[in-house]
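Residue numbers (this note's numbering): 3 to 398.
Backbone N, C-alpha and C fix where the C-beta goes; we use that ideal spot for every residue, glycine too.
For reference, the structure is listed below as structure tokens.
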Ligand code: SF4
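Below you can see the structure in the form of structure tokens.
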């Protein structure tokens, strides 16, 4: 019953370590991993790795586990920002449905589909970074490397249990081939290292693989609440003013653990009001007002189901000490500060991907592979029927 009632799909989790080990041991498969931004914050504290060495350690550990290629998920966060901010600015220019909600958290998307389907037109049509990365690897990388899609096995490593449900959605398996074949939580990945008896003190740091090696600090910030909004604001200001910004890149007002944070940017006569919500219960008062036709005073709203964002995902080890979550958040902020590129739209590998493959943001090919449409669940959740009531879901 709990599985059916869970509003964000998180309780439908299955461990996929066995599937991944089988793929790694299958000589006909090229097995590709990509790692979410928030995973390195946990790896850093779990294995005692300094924040500036966490990315190299992650890549080295995954190679040692047997993955053929290891990409950085933050690359897909950059791709998401370019697609989603372009969509947002188009909505502003063309008086589209506003406010626009982010769609990168599958827990939040599931919640909307099941409990507030009337809100779907407000959701960005962008797929989450996980699904954008899967579709890009299965289409762009497969072609580049000359590998049949069927022989490419794509594994996402994330802090999130809802992403397992997301990867299994039928719309993310065009022609019956899933864009993301398996999803491991950070805990499952650490367990795999234990099962293979890897001595993590001997891991040789490695770089992530081409062609998605470069990531921006903005993409790294995705791992904590406010990161998506901050990355989007860094791009929106540039697009609205037509000028490259080199300072005032930090939007500290949207960082942190409060349930609702706000920021406003003014650029070239346009005012953009941004809200950042973490924890689903903090989204409900805003949603109820929007559905009643009340102007909530925001244009762009980021929602993350987990309080504090992905650093608090259920696939991470449970924090044992006070301050652990703040420490995880600080790892991401520190990495952003020392990043060569701090804006998604200046990531050279992203620019090359558009030049060589997608054409331009929101192009027809980008729409085909990087966007989707979300659907009402029509009151059906698994075998049960759902009826809506504030702060609860009933299965009858
Ligand atoms: Fe998953 Fe939680 Fe991150 Fe949403 S906020 S993507 S549910 S870990």
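Short note on residue 315: C-beta closer than 7 angstroms to some heavy atom of the ligand SF4. In the DSSP annotation of this structure, the continuous segment of the beta strand (DSSP E) that includes residue 275 starts and ends at 272-280. Annotation: the continuous alpha helix (DSSP H) that includes residue 77 extends over 76-95.
Under the 10 Å beta carbon count, residue 216 is surrounded by 16 or more other beta carbons and is classified as buried. Contact between residue 224 and residue 233 holds, since their C-beta atoms are separated by about 7 angstroms, short of 8 angstroms. DSSP places residue 100 in no beta strand (DSSP E); its state is neither H nor E. Along the length of the region 223-301, whole alpha helix (DSSP H) runs at least 4 residues long occupy 229-243, 286-293, reported in chain order.
Under the three-state reduction of DSSP output, residue 159 falls in the strand class.
For residue 35, the three-state secondary structure derived from DSSP is strand. If you check the CB distance, residue 321 and residue 280 do not come in under 8 angstroms. DSSP, read as helix, strand or coil, puts residue 107 in coil.
Residue 324 and residue 81 have their C-alpha atoms spaced approximately 34 angstroms apart. Secondary structure of residue 342 (DSSP, three-state): coil. Residue 146 sits close to residue 213, with the two beta carbons spaced by under 8 angstroms. According to the DSSP secondary-structure assignment, residue 139 is paired through a beta bridge with no residue. About 12 angstroms separates the beta carbons of residue 277 and residue 235, which is beyond the 8 angstroms limit, so they are not a contact pair. Counting every other CB atom within 10 Å of its CB across the protein chains shown gives residue 221 a total of 16 or more, marking it as buried. Chain-ordered, the residues whose CB falls short of 5 angstroms from any heavy atom of the ligand SF4 come out as 107, 109, 161, 162, 164, 306, 307, 308, 312, 315. Cα atoms of residue 260 and residue 164: separation of roughly 22 angstroms, rounded to the nearest angstrom. In the DSSP assignment, residue 169 falls within the alpha helix (DSSP H) that extends over 164-169.
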